[in-house]
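Read the structure below first, then the notes.
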Amino acid sequence: MTRRGSLVYYLTGWVCGSFLLAIAVWLHALARGGQPMFVSKGAADLLTIYFFCLTFGWFQSIFAAFFLRRIAIYAKFNRSWQWAITGAAVWPILIFVLDKLGGSATWGPNSSNNGWTLFVLGAMIVRREAIWIAAPAGALAALVLFAVNRSFARSPEMGEAATEPSDDRKERKLQRKKKRR
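For the sequence shown, my numbering assigns the number 4 to the initial residue and increments by one for each residue that follows.
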């Protein structure tokens, strides 16, 4: 799973995507004069929002990173701006869809949808703040994911992962064998 960087890619999508979305929510709330989580202003509020984004936004972040990677592979994107534009489109669309799925469910302590809350609550919170803030956060997250994906991409010369540490050792072994002959 880690040979092509999948674990790193999706972990980056979750951690960085949540952080960038937390910054977007925090800045939007400060710009409109409100406090998003009703705690102190400043860094403590940003960290609180980031905690909630990590807790309730994990599904949308990983799902958006998955869709972004599939679209980029299918469309053969190899430039960062292509990833950024796609990320700016994927994140708000996904938040809109998850918000609609969550909004149609009945909520309450005796509801059978309590497990579903973990999947859609992050999107519902972002949608209530402003859906457009997901676009710049998605674009920036896509740029980070582009860098991660590119660093683990297959090298055309080697036929292996470009960052695999054993490539040099394999090449040196082959050179030694050729010298012995």
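Virtual Cβ for every residue (Gly too), placed ideally from N, Cα, C.
When DSSP states are grouped into helix, strand and coil, glycine 60 belongs to the coil group. When secondary structure is reduced to three states using DSSP, lysine 181 falls in the helix class. Going by C-alpha positions, alanine 144 is about 20 Å away from aspartate 102. Counting along the chain, the unbroken alpha helix (DSSP H) around phenylalanine 22 starts and ends at 9–34. For proline 95, the closest alpha carbon among the candidates Gly45, Gln178, Asp48 and Arg131 is that of Arg131. Per DSSP, reduced to three states, the secondary structure at glycine 90 is helical. A straight line joining the alpha-carbon of leucine 10 with that of valine 151 spans about 11 Å. In the DSSP assignment, alanine 142 falls within the alpha helix (DSSP H) that extends over 137–154. The three-state secondary structure of glycine 106, taken from DSSP, is helix. Assignment of arginine 82 by DSSP, reduced to helix, strand and coil, places it in the coil class. When DSSP states are grouped into helix, strand and coil, glycine 125 belongs to the helix group. Separation of valine 123 and glutamine 63 (C-alpha to C-alpha, rounded to the nearest whole angstrom) is 8 Å. Taking all protein chains in view, the Cβ of arginine 72 is crowded by 16 or more other Cβ atoms within 10 Å, so the residue is classified as buried. A Cβ-Cβ separation of about 7 Å places alanine 67 in contact with glycine 20 under the 8 Å criterion. The beta-carbon separation of alanine 140 and leucine 33, rounded to 15 Å, does not stay under the 8 Å limit for a contact. The C-beta of glycine 36 has fewer than 16 other C-beta atoms within 10 Å across all chains shown, which makes the residue exposed.
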